[in-house]
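Peer 1: Going by this note's numbering, the sequence shown wraps up at 1246, each residue one higher than the last.
The C-beta atom is built at its ideal place from N, Cα and C for all residues, glycine as well.
These numbers were taken from a predicted model, which means no experiment stands behind them.
Please see the structure below; I have some questions.
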Amino acid sequence: MSQVTEQEFFGGAIKGVVPQGWIDSSTLREVPDHQELFLSPTTLSTLIIEINQRVSEEETRSTLSTLTHQPPIPVSGPDSIDQAAVLYHLHDLCDEGDTVQMLAPPQRVDIPRISSSAPSGPASVKAYRSAVSFTTPKKEDPTLFATVQCHSLLVRLEAQETDLLVFFNVPREEFEKEGNEEGFNMEVKVAEGIVGALVQTLEICDWGLFV
1036 MSQVTEQEFF
1046 GGAIKGVVPQ
1056 GWIDSSTLRE
1066 VPDHQELFLS
1076 PTTLSTLIIE
1086 INQRVSEEET
1096 RSTLSTLTHQ
1106 PPIPVSGPDS
1116 IDQAAVLYHL
1126 HDLCDEGDTV
1136 QMLAPPQRVD
1146 IPRISSSAPS
1156 GPASVKAYRS
1166 AVSFTTPKKE
1176 DPTLFATVQC
1186 HSLLVRLEAQ
1196 ETDLLVFFNV
1206 PREEFEKEGN
1216 EEGFNMEVKV
1226 AEGIVGALVQ
1236 TLEICDWGLF
1246 V
């Protein structure tokens, strides 16, 4: 995995890590208040940390029923609704005409630093990792497509009615133009490593952020 740097998010209310040398985009342009965006200095890859309203069970079930291109997710069992919430947030990233390929279905992971500090106890926190590939038709020629691999982490904070999201996006096109499949694979490994590092290091220092 690439080297990482400890990083504060949302004014220090949340802490974690980012790849070493990545650029905080808020120093370049305005970023929405609910989002932190970091840019690779050498590629078009991005890392996004985002706070959203917790998706309701009704919304997740509705989304699951419309995503016919996705592998089926069990509609029973303790994790089914939360797994569907992952798909809801990923689908929310799509533009019209996009297709989504599931590379790694949502899997529950332990997120120790957040769980141990949760005011309502560890049971109120659930986290899921997944990976998908987005394919988008190009506007100048709809027969051509751009592909982005997205590695994600969803942390569901039940008591705070919040979904905390991490997206690490790796566009394939820049590597394809150079015939650099190895470079793309290395960037994907960076994405996997950073999401894994955030699973272990994400920490909520000020739970008042969600009030």
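Could you check whether the region 1236-1243 touches the region 1209-1221, counting it as contact only if at least three pairs of C-beta atoms, one from each stretch, sit closer than 8 Å?
Peer 2: no
Peer 1: Can you tell me whether DSSP reads Ser1150 as helix, strand or coil?
Peer 2: Helix at Ser1150.
Peer 1: Can you check DSSP and say which residues form a bridge with Gly1051?
Peer 2: In DSSP, Gly1051 forms a bridge with Gln1042.
Peer 1: Measuring straight from C-alpha to C-alpha, what distance separates Leu1237 and Phe1203?
Peer 2: Spanning the two alpha carbons is a distance of roughly 15 Å.
Peer 1: Taking only the alpha-carbon atoms, compute the straight-line gap between Ser1075 and His1186 and give it to the nearest angstrom.
Peer 2: 15 Å
Peer 1: From Glu1071, Gln1055, Pro1054, pick the residue whose C-alpha is nearest to that of Phe1062; which is it?
Peer 2: The question names Phe, yet the displayed sequence has Thr at residue 1062. Per the Cα distances, Glu1071.
Peer 1: Just to confirm, is the Cβ distance from Leu1188 to Arg1164 under 8 Å?
Peer 2: yes
Peer 1: What's the gap between the Cα of Arg1096 and the Cα of Phe1210?
Peer 2: Taking the straight line from one Cα to the other gives about 37 Å.
Peer 1: Leaving aside the five residues before and after Ser1150 along the sequence, list all residues of the same chain whose C-beta is less than 6 Å from its C-beta, in chain order.
Peer 2: Pro1157, Val1160
Peer 1: Would you kindly report the start and end of the unbroken beta strand (DSSP E) that includes Asn1204?
Peer 2: First-last of the beta strand (DSSP E) with Asn1204: 1197-1206.
Peer 1: Rounded to whole angstroms, what is the Cα-Cα separation between Thr1078 and Ala1181?
Peer 2: 15 Å
Peer 1: Verify whether the separation of the beta carbon atoms of Asp1198 and Val1066 is less than 8 Å.
Peer 2: At least 8 Å separates the beta-carbon of Asp1198 from that of Val1066.
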